[in-house]
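Single-structure report; data block below.
Number of protein chains: 6
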Amino acid sequence: MATVKLWTDEEVASDPRVKAIFDDIRAVRGSDFVNRFWRGLANQPAVLERTWEQLKLVMMSPGSLDPLTRELIYIAVSTANGCGYCVHSHTVAARAKGMTDEQHGELLSVIAMASQTNALVTALQIPIDPEFQIA
Amino acid sequence: MATVKLWTDEEVASDPRVKAIFDDIRAVRGSDFVNRFWRGLANQPAVLERTWEQLKLVMMSPGSLDPLTRELIYIAVSTANGCGYCVHSHTVAARAKGMTDEQHGELLSVIAMASQTNALVTALQIPIDPEFQIA
Amino acid sequence: MATVKLWTDEEVASDPRVKAIFDDIRAVRGSDFVNRFWRGLANQPAVLERTWEQLKLVMMSPGSLDPLTRELIYIAVSTANGCGYCVHSHTVAARAKGMTDEQHGELLSVIAMASQTNALVTALQIPIDPEFQIA
Amino acid sequence: MATVKLWTDEEVASDPRVKAIFDDIRAVRGSDFVNRFWRGLANQPAVLERTWEQLKLVMMSPGSLDPLTRELIYIAVSTANGCGYCVHSHTVAARAKGMTDEQHGELLSVIAMASQTNALVTALQIPIDPEFQIA
Amino acid sequence: MATVKLWTDEEVASDPRVKAIFDDIRAVRGSDFVNRFWRGLANQPAVLERTWEQLKLVMMSPGSLDPLTRELIYIAVSTANGCGYCVHSHTVAARAKGMTDEQHGELLSVIAMASQTNALVTALQIPIDPEFQIA
Amino acid sequence: MATVKLWTDEEVASDPRVKAIFDDIRAVRGSDFVNRFWRGLANQPAVLERTWEQLKLVMMSPGSLDPLTRELIYIAVSTANGCGYCVHSHTVAARAKGMTDEQHGELLSVIAMASQTNALVTALQIPIDPEFQIA
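Below you can see the structure in the form of structure tokens.
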């Protein structure tokens with residue numbers, strides 16, 4: 004259960020502003036399925052709009068990181084932030100963009116490694132090496 | 004300042020177990036510079052050894068994710084975990100492995116996007132869509 | 004399922020120290036409903052007592068921040084800490100204290116904004132401006 | 004030290020896109036001082052632009068939460084996320100918007116209270132009460 | 004539901020590398036029950052192997068901290084990291100190693116206390132006392 | 004630099020309520036040194052008082068966990084929460100209560116292990132085993 008109502012397709016159809024965004028989500032993704040995150044955000048059309056526009060820009064516009072790499076980074080952040088829903092949805096997205104089991108295993112390994120050294124560094128309170136300084 | 008002594012090269016030289024690992028770090032990296040993380044871990048040779056062995060395996064062994072992608076994931080996790088030292092050292096490492104300013108900008112964008120939707124999902128307590136279920 | 008037993012009203016009734024606190028919770032809130040957090044804490048009467056006393060003081064005593072503002076801050080912290088239960092219970096509490104949908108939307112926007120800039124600042128490791136210094 | 008160059012006013016002046024945003028920051032805030040966060044983001048003009056536009060919208064547009072309340076929420080999130088820089092800059096901003104010492108004390112109390120109960124709930128793994136369910 | 008398949012005993016039996024580790028888990032723990040964490044990790048035999056070997060070393064080898072104390076620390080970290088599954092499994096493990104209700108209550112108290120002062124320190128941005136300096 | 008004034012001994016002496024608590028801190032600890040955390044909290048006497056009373060109760064009252072074990076748990080939580088100041092002050096406190104280098108190494112090992120499996124469990128979204136259920 005969510006802390007807000009999750010909009011059904013009928014409710015979405017009754018609100019032109021929300022409907023326009025759902026239409027765009029469906030068109031851009033080439034799928035009729037719209038996951039619950041957007042159905043929860045529909046309660047706040049301004050946040051819905053802003054989030055979807057920014058997501059398109061950040062995750063789908065051409066650039067120097069390929070779409071799968073962006074999904075791996077998304078999973079890494081969502082894991083460290085403990086967002087189970089986000090881990091689920093972006094693992095599905097990464098697989099849809101071609102993530103192999105081998106790549107998933109390496110992603111898990113790097114996440115586990117970083118989590119471990121992050122904790123060690125914090126427990127030891129290592130001061131930053133002057134060699135890391137940007138000139 | 005750290006919560007432990009940071010070992011100087013002289014102190015390292017006086018302890019054969021620690022020295023062997025520092026020699027390996029220098030050989031593998033092809034550089035005489037050993038950063039302070041390892042100098043702090045030197046107080047605990049077993050942890051030092053295990054961490055270095057695992058890091059070599061996870062970050063440097065051949066695999067399906069290239070070394071730069073692994074560094075980007077490492078930065079993402081370290082950022083979400085708030086480990087400033089780790090962000091510094093792995094941003095330096097990513098640049099050494101070829102990260103361009105454009106790639107850095109896209110990494111920042113994905114980290115910011117994920118942090119934002121992680122928080123929205125948590126605030127809305129969105130339940131996981133059945134469509135995300137692994138059969 | 005919890006990691007501890009959740010006390011039923013009968014079990015509460017059988018322990019005078021716990022019963023006194025539950026009676027106070029019901030009296031202060033003007034409602035017979037006592038949520039599961041307190042039923043779990045009942046296993047540790049000292050912690051239960053201390054937590055309830057502190058909560059009354061912090062959330063209900065007169066002061067310069069009105070009760071709704073305190074709930075909004077509570078939701079913000081609980082979201083950033085990833086406590087789903089706490090997000091649920093304090094969103095219900097905020098609504099009971101008059102939070103409108105518009106206010107909820109603005110709360111979500113600020114939480115999302117802060118989460119995003121927190122991550123950017125950490126990834127960039129921005130040093131604190133001397134202008135922020137307390138004299 | 005940051006992981007990126009912090010742009011001086013001269014460097015800003017040499018880049019029309021960055022200069023336009025810095026001009027707007029100065030105009031909107033009515034102050035010549037531009038803090039280091041923006042000087043670090045200047046390396047990524049697209050991120051700089053998007054962040055500043057969103058910040059204006061979220062923190063400064065008219066709405067149902069007053070500007071000080073928004074700052075208190077910002078501080079709460081930044082504290083839970085462990086972003087020292089953000090805590091500093093938004094505590095300064097909150098004071099500029101009228102936060103009194105008494106309000107600061109109450110903010111600290113709520114943050115401490117929530118952090119504590121968040122941890123207790125997580126350690127006890129309290130399941131969500133059906134009474135919290137949105138119909 | 005997990006983001007990966009949870010291996011059944013039959014699937015485990017069909018993969019010699021995974022089977023060897025499951026056999027060792029059962030032998031070391033003296034129980035036929037293998038919890039789902041290992042069944043999820045089975046998809047990545049290298050990560051499974053490394054994690055189990057390290058866990059045996061860290062949690063079960065003789066040392067200066069007794070096994071129960073190690074479990075208490077594990078619960079504390081898992082709580083602060085918001086890992087519900089880990090809180091569950093290690094609370095069960097701590098009880099199996101003799102944790103009393105009184106000890107659980109004191110563990111909860113310390114976790115709550117630390118969470119609270121961590122937040123206060125971060126909100127106040129207290130600089131480290133020179134007296135804490137390692138010579 | 005802090006976000007609040009750190010009270011000097013002279014300022015403390017001029018405020019009877021704050022002075023009484025500082026006197027108690029010095030008496031209980033048997034030392035004239037009062038660290039900066041308390042000097043920052045002095046701006047909010049009610050929070051100062053409540054925090055010190057709770058700290059005495061939780062960390063110093065007789066119980067089933069010895070004082071050193073409580074400090075180890077405190078360090079573990081503070082590390083996972085990324086509170087550098089707290090890691091420093093409680094590592095000093097743990098050493099004062101007898102923590103050996105060997106114990107410190109084992110503490111670090113458990114923290115690193117838990118951080119790593121916390122992340123793996125979150126990335127895999129392992130559902131809780133029914134065997135962990137409290138009857």
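Going line by line, the protein sequences match chains R, W, D, E, S and F. Read the first sequence against the numbering used here and you will find it ends at 138, with the numbers running on by one and no gaps. Read the second sequence against the numbering used here and you will find it ends at 138, with the numbers running on by one and no gaps. Read the third sequence against the numbering used here and you will find it ends at 138, with the numbers running on by one and no gaps. Read the fourth sequence against the numbering used here and you will find it ends at 138, with the numbers running on by one and no gaps. Read the fifth sequence against the numbering used here and you will find it ends at 138, with the numbers running on by one and no gaps. Read the sixth sequence against the numbering used here and you will find it ends at 138, with the numbers running on by one and no gaps. Cβ atoms here follow ideal geometry from the backbone N, Cα and C, with glycine treated the same way.
Going along chain W, which residues have a C-beta under 8 angstroms from residue i?
i     : result
G85/D : T125
Under 9 angstroms Cβ-Cβ, which residues of chain S neighbour residue i?
i     : result
F36/F : D132 and E134
Residues of chain D with CB under 8 angstroms from residue i, in chain order?
i     : result
R53/F : Q57 and L60
M4/F  : I131, F135, Q136 and I137
For residue i, which residues in chain W fall below 9 angstroms Cβ to Cβ?
i      : result
V216/S : Residue 216/S is absent from the model: chain S starts at 4 and stops at 138.
Which chain R residues are close to residue i, counting only those with a beta carbon under 8 angstroms from its beta carbon?
i     : result
I78/F : A126
I'd like to check one pair, residue j with residue i: are the Cβ atoms closer than 8 angstroms?
i      : j      : result
V15/F  : A45/F  : yes
R58/F  : R39/F  : Residue 58/F is actually Leu in this sequence, not Arg. Taking 8 angstroms as the Cβ cut-off, L58/F and R39/F do not qualify as a contacting pair.
T72/F  : T54/S  : no
A83/E  : A122/S : yes
V61/F  : S112/S : yes
L110/F : I76/S  : yes
R29/F  : D35/F  : yes
T125/W : C86/R  : yes
T94/S  : I78/S  : yes
A5/S   : L127/F : yes
C89/S  : A99/F  : no
L51/F  : V21/F  : yes
I131/F : H107/S : no
Starting from the beta carbon of residue i, find every residue of chain R whose beta carbon is closer than 7 angstroms, and list them in chain order.
i     : result
T72/F : What T72/F touches in chain R: nothing, since even the nearest Cβ is about 17 angstroms away.
Under a CB-based cut-off of 8 angstroms, is residue i close to chain D?
i     : result
P67/E : Strictly speaking, residue 67/E in this sequence is Ser, with Pro absent from that position. Judged by the 8 angstroms Cβ criterion, S67/E is in contact with chain D.
Please list the partners that residue i has in chain D, where partner means a Cβ-to-Cβ separation under 7 angstroms.
i     : result
S81/E : A117 and N121
Subject >> Contacting positions in the stretch 90-117 of chain D - beta carbon closer than 8 angstroms to chain S >> reply: none
**OP:** Return the residues of the stretch 22-51 of chain R that lie within a Cβ-Cβ distance of less than 9 angstroms from chain W, sorted by chain order.
**Re:** F36, N38, R39, F40, R42, G43, L44, N46 and V50
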